[in-house]
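Going down the list, the protein sequences come from chains S and C.
Mapping to this note's numbering: the first sequence position 360 is 344, numbers consecutive.
Quick note, this note's numbering runs 259 ahead of the 1-based positions in the second sequence.
We treat Cβ as the ideally placed atom computed from N, Cα and C, and that holds for glycine.
Bear in mind that the values here come from a model prediction, so they are computed numbers and not experimental data.
Notes for the one structure printed next.
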Amino acid sequence: MKKYIYSYFLLLAVAMLLLTSCAGHPDVPASSKEAKSMPAIFPDYCNVTVPCNIAPLNFMLPADEYEACVARLTTPDGKQQTYGNGVKVQIPEEEWHAMLDASKEKSIKVEVWGQKAGEWLSFSPFEIHVAKEPIDEYLSYRLIEPSYVAWTYMEIAQRNLTSFEETQIFNNEITMNDKKIGQCINCHSYQNYKTDNMLFHVRLSNAGTVIVNDGKVSRVNMKRDYTISGGVYPSWHPTAKLVAFSTNKTRQAFHTANPNKIEVYDLASDMILYDVETDSVSIVSADSTLLEVYPTWSPDGKYLYYCKSVPLPEEMRDKDIRTTYPKIQYNLYRRSFDLATHGFGDEELVYDAASADKSVTLPRISPDGRYLLFALGQYGCFHSRHHDADIVCIPMGQYTGTGLNAETASPVDLTPLNSKDFSDSYPSWSSNGHWIMIASRRDDDNYSRVYFAYFNNGKVEKAFLLPQEDPEMHVSLLKSYNRPEFMVEPVKISVEEFSKVFDK
Amino acid sequence: MKILQGIYTLLFGVAVLLFFGLAYPHHLHYQEQYQLFLFDWNYVWEIVRLPGGVADLLGRFCTQFFLFAWVGALIIALLLSLVQLLTFRLANYGWLYGLSFVPSFLLWLFLLDENALLGGIWAVLLTQFSFYGLLRLPDGWVRHILIFVAFLILYWIAFGGSHYYRIPHTFPTLFYAAWFSAIVIPLVIYVIPKSWGQVHKPRQQHILHSSLFMLTFIVFGTLVWKNANFKAEKVMQYDFMACHQQWNRILATVNAEKPNNQIGVTVQNLALAMHGMLAEHLFDYNQNGIAGLLPDVQSDATSPIPTAEAFYQLGMIYVAQRTVFEAQEAILDFQKSARCYKRLAQTNLIIGSYEVARKYLMALQKTLFYRDFANETLPLLGNEEAIAKHPEYGRLRQCAYGEDFYFSDHTTPEMLESLFFSNTDNCLALEYLKAYYMLTGDREGYTQLLQKLSVKN
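So this is what it looks like as structure tokens:
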């Protein structure tokens, strides 16, 4: 009897193994009808250019239209492999990375078949181009419901871009000592893509800015008598232990019929410089009539770029900001910085957006200093809620000391990166300057997702969505990816270690 | 005696069933609407991977049935009766039999609190099951090993949990007293000398047995009744009726007893407006100024929901969406709400955010009782013609604001006026606008409105 039981289990195990292998590497359909179109896969990875170290680009066909999907991937060396599990194509990491290695500076050919009403359709093949330049290994973001005022759980997480591993940097539950007040965590920021010097804010319950200085964690309060708030939007100086912050009195208003839904605006905003070593705060600019925001350093640390509002027309100046806000527009400025004295030079206009009835926000200079990225919308400083917001890239070589504008600047063509009629915002550069990352609401107009695009010598390729192990996750996840930031290494401090600074 | 004990357990179970079914049904509805149980492995894994997760999951699973109050009452009755039976089975009580009801009564008392979660009851039950099983093992080293392993497992499935009460970082004393008693009472009975529980004369035994049971029943029964929050039950009833759009029932309820709480008055006024009676009969009912019409939205999970219902019915869809979203985010234990998901799907569908609506509907497809709604609604996404013809969504689309402005923190007559004059078929907006002027005593505003109406006509 025992013998039979063992045989039975052995048979079962073999059958399961066979079944698994069949599910992982299915056969290509013996016969199919030509669809004469590209497959409507999600995410759209057709003809994208990807880094040579990215996680598998898993995708799926729409589950409400197709019953099954099979994909055959062919590498330049002629090797082929098929994948398909229901309507999803999920590629094992090891096999995918081998394919990437074999296709560096070349392409992987992808053929897709979809089963619809019992019949197989074969789609036009597409390619995945593999760039030789890798992407930074880590990415961090805040995961949050795209909320109005209230929120419950939020977390700052880090994702290994070469795999699907996601871990938590911090969450708002562990140190929240008053649920009624709540706790908001935001604005994670790193010095030079590294994590030994970094920070994030904790607001409301148990508030403070958590700063990591050479790996040592502390919590500080940056509010001074002479500042309008503590530090808000940060930018680490690339070499010194200095952080430029804007200080903001931020408010929100809610639309009754506008698809933008929410308007985030500042009643007042200035800029400060925080010295991490001495815990001292100095004012960079504090014009009470204008709004300064989004400081960012040039990669050499010699300039501080920032956005500043242009004065409102005389007749609008005394009116409620909730009525004048659509007229508030920001230009881009910079000031030179002397590291020895911590002194700033005179203000220089870099890009005049207001002259074209636009507003510029979130500037970022490429690591080689040759390109400037920013988000451009019609008004305001919070373009992540503006449907018209797009990313703009301007070669810095065009800037000769006289402010550029829509007529004098020749931006890089970012059509492959931007979406039409959806907010594209929060641009940033990878540390090698070859990958642009943005937060975009293009998939559903509500939940921000992270998109990457290859950038080489002023040419950008089609953007692609952050890959997930389960491609459906981007559809089902009811969280926004907020403030995506590249890192070349993971945050090594655990959630528990961070939480200890709140005990003191 | 065994039959009598069976009857006592049955009596207890029936008492629990009748209490929750008749006197406390809306507490069960309340519980159901602040969770979203998904038949999804990721959802299950996220719960069970945490200490106490199995008890929590079982609690959540049962709570989804609270949508139907009598089913919920039956589940609670069965669980509490099971706790009593297991408490009893763990020791030989003799005439102290009545004590076996103490843990169940304490749990009943715990469940009177709307923040008490059913996972707690399962944690007690799982503990008792484990003890019951372990006591039946033959003595020896196997038993010792199994006891050790059982404690480890028990820690993971029940002991280590903290999601037995909705408010985080709160110590529900009553619950832990019940849990403690479920273990300690049988233990004490087990170790005290057998003679304590023995009375030689059967008649005496019978009398003592019944007397202690009666005493326990009367003392705890009184405690349950005295500690029940019938005021909250009434508020929850109004909320439930508004949720299910039972406008006639609401009017029947307020006619029988005038509400004296804000939610009740808000719901009453909404029902009056739905019947076109608000302006005409406003002062026939209790009023609470503007706070009883369209109250300012507070940062909690409960009070904004009926106001959101009024915003929704009025056609203030963006405002309704925000209010529901905020309410859901204010749920104290970070859970999501099936009711809120449903309304968020509806509001997104009405404003044309189909892909966002799809996300909510896809989640609702994974539920037991909202699946049909999701399946019926998904085909509407993007189907402009079908939405226009839909009796609810089509009407609400027609009622939308014609021009955009920022929503004030307080509802103002200008907002209602703008809404009404965007679509003068929106009788509800006119009812609310008139009521607004009447409640604030703004005769000038009311007169001006009548003038505008006469000009329009």
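Classified as exposed, V443/C has fewer than 16 neighbouring CB atoms from the shown chains inside 10 Å of its CB.
Sequence-ordered contacts of the region 225 to 257 of chain S with chain C read A237, F238, H239, T240, A241, N242, P243, K245, E247 [C-beta pairs closer than 8 Å]. The straight-line gap separating the alpha-carbon atoms of Y438/S and N144/S is approximately 18 Å. Comparing alpha carbon positions, the residue from L405/C, V342/C, D559/C closest to I426/C is D559/C.
Runs of the alpha helix (DSSP H) lying entirely within the region 361 to 416 of chain C, each at least 4 residues long, are 361 to 370, 378 to 394, 400 to 413 in chain order.
Between I590/C and chain S, the shortest Cβ-Cβ separation is below 8 Å. In this structure, N389/S sits away from S343/S, with a CB-CB distance that is not shorter than 8 Å. Annotated three-state conformation of P347/S is strand, per DSSP. Under the three-state reduction of DSSP output, I549/C falls in the strand class.
Just so you know, the alpha carbons of L269/C and T670/C end up roughly 53 Å apart.
Neighbours of Y660/C in chain S, taken as residues at a C-beta separation under 7 Å, are given in chain order as T240, A241. Proximity of R306/S to chain C, defined by a Cβ-Cβ separation below 8 Å, is satisfied.
The DSSP assignment places 457 to 460 as complete runs of the alpha helix (DSSP H) inside the region 438 to 472 of chain S, in order along the chain (cut-off: 4 residues). Under the 8 Å criterion on CB atoms, E373/C is classed as non-interfacial with respect to chain S.
Going by DSSP, L637/C is part of no alpha helix (DSSP H) at all; its letter is neither H nor E.
In the structure shown, the three-state DSSP call for K493/C is helix.
DSSP places R581/C within a helical segment (H, G or I) once states are collapsed to three. In the three-state reduction of the DSSP assignment, A511/C falls in the helix class. In the displayed model, P284/C falls within a helix according to three-state DSSP. Annotation: Y287/S is outside any alpha helix (DSSP H); the continuous beta strand (DSSP E) that includes it extends over 287 to 293. Under the 8 Å criterion on CB atoms, S612/C is classed as interfacial with respect to chain S. Setting aside the 5 residues that flank it on each side, E139/S is surrounded in the same chain by L127, Q152, N155, each with a C-beta closer than 6 Å to its C-beta; the list follows chain order. In this structure, the beta-carbon distance from P118/S to P35/S falls below 8 Å.
For D315/C, the enclosing alpha helix (DSSP H) covers residues 312 to 322.
Contact annotation: in the region 415 to 434 of chain S, residues whose CB is within less than 8 Å of a CB in chain C are D427, D428, D429, N430, Y431.
Residues of chain S with a Cβ closer than 8 Å to the Cβ of V615/C are, in chain order, D428, D429, N430, Y431. Counting along the chain, R301/S sits inside no alpha helix (DSSP H), nor does DSSP assign it H or E at all. In the DSSP assignment, R598/C falls within the unbroken alpha helix (DSSP H) covering 597 to 610. Note that the C-beta distance between L450/S and V434/S is below 8 Å.
Of all alpha-carbon atoms in Q521/C, E492/C, I522/C, V526/C, the one lying nearest the alpha-carbon of R508/C is that of V526/C. Counting only the Cα atoms, A314/C lies some 25 Å from L358/C. C-alpha of L401/S to C-alpha of M421/S: approximately 9 Å in a straight line.
Using beta-carbon distances, V578/C counts as an interface residue toward chain S, with a partner under 8 Å.
Using a CB distance cut-off of 8 Å, R319/C does not count as an interface residue toward chain S. E539/C has a beta carbon lying at 8 Å or more from every beta carbon in chain S.
By the neighbour-count definition (other C-beta atoms within 10 Å, threshold 16), A622/C is a buried residue.
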